[in-house]
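Colleague: Pasting a structure here, questions to come.
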Amino acid sequence: MGMSYRRYLAGARVYGCLSCRTHLTTIHSMISRAFNGQHGRAYLFEDVVNVIEGEPNDRQMTTGNHTVRDIYCCKCKTILGWKYEKAYEQSQKYKEGKYILERNLLVDVQ
Amino acid sequence: MRPPEREYESNPTSPRIHPQARSPSLSPSPKANGHVANGHGSPMNGSSKHSKSPVPRVELPGATIYDDSYIDREEYIRLVIQSLRDIGYIESAATLEAESGYVMETSRVAEFRRCILEGTWSEAESALEHLGVSENDGLWEAKCHISQQKYLECLESGRTSMALHVLRNELAPLHTDPELLHPLSSLVMCTDAADLRQKAGWDGAHGSSRRRLLVNLQSYIPSSLMIPPRRFVTLLDQARLQQISQCIYHNAPITPQHFSLYADHTCDTDLFPRVTTTILQVHTDEVWSLEWSHSGKFLASASKDKSVIVWSVGPNSNPEISLYLHLQDHQFPVGCLAWSLDDTILLSSCEQLIKMWNTESGALIRTIEAHTEPVSALAWVPDGSGFISASQDRKINLWGSDGKQRDSWGITATRIIDLAVTPDFTRLVAIGESARDPILSTPRSDAAAASATARNGNNNTAPNGSRTPEYLMIVYDLTTKQPELSVSLGGQLTSVKISSDSQYALVNHAPDEVHLWDLFTGRLARKYTGQRQGRHIIRSCFGGVDGNFVVSGSEDGKVYVWHRDRGILLDVLAGHGLGSVNSVAWNPRNTQMFASCSDDCTIRLWEPSAGGTDGDSASRLAHRTADDRSHEGELNGKGKGKGRESWVEDISASRIL
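Each protein sequence line maps, in turn, to chains S and G.
The first sequence stops at residue 110 when you use our numbering, and every number in between is there.
The second sequence stops at residue 767 when you use our numbering, and every number in between is there.
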């Protein structure tokens, strides 16, 4: 895979991994706050950096069936949320390619 | 003393015209200056004419040495006479002067030379005027040189009043600039001759100072009158340099063995390192970085497997390679390495930590935790007193060799990816990504607009709506810590190295380029292309005799080698497995060996092929590598030459720490 450094973000508010403060995303990338994850409130983001994606699997969610991949912090390997690969309901298609991060696993970093 | 008859009797075929039968068409060449080619000008410089019968003059047609040559015969012969005299063949030189009718220099030039070397200054000054040096040609400056020597010699021999006389009546009227005169006049205060010589940076009347004065004065005299010293050898040296510049695989030291006047110089391409002779296979994950010790006897490798290995490499021919130290006390993958100047300390970086290792015992001396983000560069300062660390946290720190912080550059504007110090201790070259204060540099409206673009499905925009980062190369003045040059470049920069003469910076630039920057002019001097890099930290280096070559890793798993000055891609070396070749390092002592490391968990040593075709030995080696896994004990330590043993994990033979 080769050596690379983690990416650093700039913006009014940068969200990082709670355990190791690795930059993940910014408030400008946020699409919605109205999601729920395993640890309570979760946010939907347009894009997230410095994460490793797990294997795809199908999950039945409140809004229907989705193919998702868990996402891990690339430094500390904590599971932070998931990425939507595919939404089976037409109304949920907008989530494809987007990321969920659990609010309780995030910290503001600068 | 040889009888002069033999000189020409031994060469009866050469065309010869009787001295008295001079062809009228044979007018002296323009450069002959009349008095030079008079045929009767008695050879000077102590060439005694003991010959009983004079050597007859040989008359030749034309003015060049061959019909189709541009070389003027007179110029050529005068240079030959000069070299003969320099060597000590005084009689041969005299004979050649008589036979050719050309003299090395006129009696006036010889007289001038004698005056300078004997220190008869007033005669020297008038001789200078007779040699055609006019006011326009710097007669004034030439006289200054003479007066200055005269002044210093007077002081040296204790004739202070005479020296003052020279100062007042000769130097002062000539020197209008007091800035030049003042240091000279202050020399009067010197206590003795030794003090004078030291303060004036001058080696005295009996040293080389008169000869140096002569060389200086020669620049005011037409070279056709007074031939510059060692002119023939100067021309031959130029030919040699030209031949070296044409020899694209040039990797040989300058010795008589590699240079002959009989044939043009070329280096044997078989002596160029292009064959894998050893594969080191102990790391259990990607190998990211390599550094040779300054002695060239140890190679350190840093891996994603959270360890550093120090390999011991034997002397030049057929080096035995063994695992010397396995430094496993790293909590994270290891990114960079740096050997102290005396090779006693090895630095390694893993994430935000810097570790200092004793290279004799393998003991961890100290862990430094001063950075908050990954340490991306470690570089010892050229005097060995300490080292500089740089990090993605934008800080540059200076440490003593004891690991105590001595200085900090504060928070720079750059998340540093790599950094290097010039060997002349004047500059620091850092590369990285600009990281301006986000609140100031990213107004919300801009970011919102960018974010909106991103939502519209434009995937080219950087994630999170932030702007495309700016990639910078910044050259700092090492003493003032102020940037003297900042260049914004179009792609990610991943590595920087400095040439041994401190003039060039070698910078890897994504996508797919290596740039050579001239730090003296602040300009891009050359680009090397061919290698692949887009996403990863790929490193390159200089190598070989005089740093003639540039080598780089590549994301296509190959090693790329270019000629530094001509930019020619010399070799694309295959062999590493899947993934990137992350770094390369040329042995600083053995110019015929370099190492490369790869995602395939191995390190390869590249050396000249010891006979046989490249492909053949490479395939044999690959075969042995596969074999070694099952017969490691058997092969250990007995392999030789091209197919030497490759290192597989062998706990018993290694020092695991």
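Beta carbons are placed, not taken as given, at the ideal position from N, Cα and C, and that holds for glycine.
Since the structure is predicted, the reported quantities are computational estimates derived from the model, not experimental observations.
Taking Asn618 (chain G) as the query, report the chain S residues whose CB atoms sit under 7 Å from its CB, ordered along the chain.
Modeller: Counted from its first residue, the second sequence places residue 618 (chain G) at position 508. Chain S residues near Asn618 (chain G): none, gap ~12 Å exceeds 7 Å.
Colleague: Got a sec: is the Cβ-Cβ distance from Trp398 (chain G) to anything in chain S below 8 Å?
Modeller: Within the second sequence, residue 398 (chain G) is the residue found at index 288, counting from 1. Taking Cβ atoms only, chain S reaches closer than 8 Å to Trp398 (chain G), which makes this a yes.
Colleague: If Tyr8 (chain S) and Gln502 (chain G) are in contact, beta carbons under 8 Å, what's the gap, nearest whole angstrom?
Modeller: Counted from its first residue, the first sequence places residue 8 (chain S) at position 8. Counted from its first residue, the second sequence places residue 502 (chain G) at position 392. Indeed they touch by this definition, with Cβ atoms about 7 Å apart.
Colleague: Between the region 325-336 of chain G and the region 246-260 of chain G, are three or more C-beta pairs nearer than 8 Å?
Modeller: Yes: at least three Cβ pairs fall under 8 Å.
Colleague: State buried or exposed for Phe222 (chain G), treating a residue as buried only when at least 16 other CB atoms are found within 10 Å of its CB.
Modeller: Counted from its first residue, the second sequence places residue 222 (chain G) at position 112. It is buried - the Cβ of Phe222 (chain G) has at least 16 other Cβ atoms within 10 Å.
Colleague: Using the beta-carbon of each residue, which ones in chain S are nearer than 7 Å to Glu251 (chain G)?
Modeller: For the purposes of this step, residue 251 (chain G) is taken as residue 141 along the second sequence, with counting starting at 1. Under the 7 Å cutoff, chain S gives no residues; its nearest Cβ is about 59 Å from Glu251 (chain G).
Colleague: What does Ser4 (chain S) reach in chain G if we use C-beta pairs closer than 7 Å?
Modeller: Position 4 of the first sequence, counted from the start, is the residue given in the question as residue 4 (chain S). Near Ser4 (chain S) (Cβ distances below 7 Å), the residues of chain G are Arg645, His646, Ile647.
Colleague: Say yes only if the C-beta of Pro533 (chain G) is nearer than 7 Å to one or more non-hydrogen atoms of the ligand ADP, and no if none qualify.
Modeller: In terms of ligand content, the structure shown is empty, and the ligand ADP therefore cannot be addressed.
Colleague: Tell me the DSSP secondary structure of Thr387 (chain G) in three-state form.
Modeller: In the second sequence, the residue the question calls residue 387 (chain G) occupies position 277. Three-state result, Thr387 (chain G): strand.
Colleague: In the DSSP assignment, what are the bridge partners of Phe704 (chain G)?
Modeller: For the purposes of this step, residue 704 (chain G) is taken as residue 594 along the second sequence, with counting starting at 1. Bridge partners of Phe704 (chain G): G:Trp696, G:Trp716.
Colleague: For Glu96 (chain S), does the count of other Cβ atoms within 10 angstroms reach 16, so buried, or fall short, so exposed?
Modeller: Indexing the first sequence from 1 puts residue 96 (chain S) at position 96. Per the 10 Å Cβ criterion, exposed.
Colleague: Along the chain, where does the alpha helix (DSSP H) that runs through Leu106 (chain S) open and close?
Modeller: Walking along the first sequence from the start, residue 106 (chain S) turns up at place 106. Leu106 (chain S) -> not in any alpha helix (DSSP H); beta strand (DSSP E) instead, spanning 106-109.
Colleague: Judging by CA-CA distance, which residue of G:Tyr586, G:Asp517, G:Ser596, G:Leu538 is the nearest neighbour of Ser544 (chain G)?
Modeller: Locating residue 544 (chain G) in the second sequence gives position 434, counting from the first residue. Nearest option by C-alpha distance: G:Ser596.
Colleague: Going by other Cβ atoms of all chains shown within 10 Å of its Cβ, with 16 needed for buried, is Arg633 (chain G) buried or exposed?
Modeller: Counting from 1 along the second sequence, the entry for residue 633 (chain G) is found at position 523. It counts as exposed.
Colleague: Using 8 Å as the limit for Cβ to Cβ distance, is Ile419 (chain G) near chain S?
Modeller: Walking along the second sequence from the start, residue 419 (chain G) turns up at place 309. Chain S contact via Cβ: absent.
Colleague: For my contact list, Phe652 (chain G) and His673 (chain G) are in at a C-beta cut-off of 8 Å; report their separation, rounded to the angstrom.
Modeller: The sequence position of residue 652 (chain G) within the second sequence is 542, counting from 1. The sequence position of residue 673 (chain G) within the second sequence is 563, counting from 1. Going by Cβ atoms, the distance from Phe652 (chain G) to His673 (chain G) rounds to 12 Å, so no, they are not a contact pair.
Colleague: Which residue's Cα is closest to the Cα of Ser495 (chain G): G:Ala530, G:Pro484, G:Gly513?
Modeller: As a working note, residue 495 (chain G) is residue 385 in the second sequence. Measuring from the Cα of Ser495 (chain G), the nearest candidate turns out to be G:Gly513.
Colleague: From the DSSP output, in three-state form, read off Ala173 (chain G) for me.
Modeller: For the purposes of this step, residue 173 (chain G) is taken as residue 63 along the second sequence, with counting starting at 1. Note: Ala173 (chain G) maps to coil in three-state DSSP.
Colleague: Measure the CB-CB distance between Arg516 (chain G) and Leu508 (chain G) and report whether it falls below 8 Å.
Modeller: Taking the first residue of the second sequence as position 1, residue 516 (chain G) is located at position 406. Taking the first residue of the second sequence as position 1, residue 508 (chain G) is located at position 398. Taking 8 Å as the Cβ cut-off, Arg516 (chain G) and Leu508 (chain G) qualify as a contacting pair.
Colleague: In chain S, what lies closer than 7 Å to Pro484 (chain G) by C-beta?
Modeller: Numbered from 1 along the second sequence, position 374 holds the residue referred to as residue 484 (chain G). Those within 7 Å of Pro484 (chain G) in chain S are Tyr5.
Colleague: Quick check: the region 235-242 of chain G against the region 290-302 of chain G, are at least 3 beta-carbon pairs closer than 8 Å?
Modeller: The answer is no - the region 235-242 of chain G does not touch the region 290-302 of chain G, with fewer than three Cβ pairs under 8 Å.
Colleague: For Thr230 (chain G), does the count of other Cβ atoms within 10 angstroms reach 16, so buried, or fall short, so exposed?
Modeller: Here residue 230 (chain G) corresponds to residue number 120 of the second sequence, with the count starting at 1. Exposed.
Colleague: For chain G, find out if any of its Cβ atoms is closer than 8 Å to the Cβ of Met1 (chain S); answer yes or no.
Modeller: Start at 1 with the first residue of the first sequence, and residue 1 (chain S) comes out as number 1. Interface residue, yes.
Colleague: Using a C-beta cutoff of 8 Å, does Tyr8 (chain S) count as contacting chain G?
Modeller: Here residue 8 (chain S) is taken as the residue at index 8 of the first sequence, counted from 1. True, the Cβ-Cβ gap to chain G drops below 8 Å.
Colleague: By the criterion of Cβ-Cβ separation under 7 Å, what are the contact partners of Arg690 (chain G) in chain S?
Modeller: Numbered from its first residue, the second sequence carries residue 690 (chain G) at position 580. For the sequence presented, residue 690 (chain G) should be read as Ser rather than Arg. Under the 7 Å cutoff, chain S gives Gly2.
Colleague: Going along the region 495-515 of chain G in order, which residues come within less than 8 Å of chain S, judged by CB to CB distance?
Modeller: For the region 495-515 of chain G, which is checked against every Cβ of chain S, the residues closer than 8 Å are Gln502.
Colleague: In terms of DSSP beta bridges, what is Asp58 (chain S) paired with?
Modeller: As a working mapping, residue 58 (chain S) is identified with position 58 in the first sequence. BP columns for Asp58 (chain S) point to S:Thr67.
Colleague: For Ser133 (chain G), is the classification buried or exposed, using 16 other Cβ atoms within 10 angstroms of its Cβ as the cut-off for buried?
Modeller: Your numbering for residue 133 (chain G) matches position 23 in the second sequence. Note that Ser133 (chain G) scores a pLDDT of 39, beneath 50, so its modelled location is shaky and nothing firm can be said.
Colleague: Indicate whether at least one CB of chain S lies closer than 8 Å to the CB of Ala545 (chain G).
Modeller: Taking the second sequence and counting its residues from 1, the one referred to as residue 545 (chain G) is at position 435. Chain S, which has a Cβ nearer than 8 Å to the Cβ of Ala545 (chain G), makes this yes.
Colleague: With 8 Å as the threshold, decide whether the Cβ of Arg476 (chain G) is near any Cβ in chain S.
Modeller: As a working note, residue 476 (chain G) is residue 366 in the second sequence. With 8 Å as the cut-off, Arg476 (chain G) does not count as an interface residue toward chain S.
Colleague: Quick check on Glu665 (chain G) - is its C-beta less than 8 Å from some C-beta in chain S?
Modeller: For this step, residue 665 (chain G) is matched to residue 555 along the second sequence. Yes - at least one Cβ of chain S is within 8 Å of the one on Glu665 (chain G).
Colleague: Is the beta carbon of Gly445 (chain G) closer than 8 Å to that of Trp398 (chain G)?
Modeller: The sequence position of residue 398 (chain G) within the second sequence is 288, counting from 1. The sequence position of residue 445 (chain G) within the second sequence is 335, counting from 1. Cβ atoms of Trp398 (chain G) and Gly445 (chain G): closer than 8 Å.
Colleague: So is Pro443 (chain G) buried or exposed if we call it buried at 16+ other beta carbons inside 10 Å?
Modeller: What you label residue 443 (chain G) is simply residue 333 of the second sequence in a count that begins at 1. Flag for Pro443 (chain G) reads buried.
Colleague: Quick one: what does DSSP say Glu239 (chain G) is sitting in, helix, strand or coil?
Modeller: Residue mapping note: residue 239 (chain G) aligns to position 129 of the second sequence, counting from 1. Here Glu239 (chain G) sits in helix by DSSP.
Colleague: With 8 Å set as the bound, which would you pick, yes or no: does the beta-carbon of Ile527 (chain G) sit closer than that to a beta-carbon of chain S?
Modeller: To locate residue 527 (chain G), count along the second sequence from 1; it is residue 417. It does: the Cβ of Ile527 (chain G) has a partner Cβ on chain S nearer than 8 Å.
Colleague: Alpha carbon to alpha carbon, what distance is there between His28 (chain S) and Lys75 (chain S)?
Modeller: Residue mapping note: residue 75 (chain S) aligns to position 75 of the first sequence, counting from 1. Residue mapping note: residue 28 (chain S) aligns to position 28 of the first sequence, counting from 1. Going from the Cα of Lys75 (chain S) to the Cα of His28 (chain S) covers about 23 Å.
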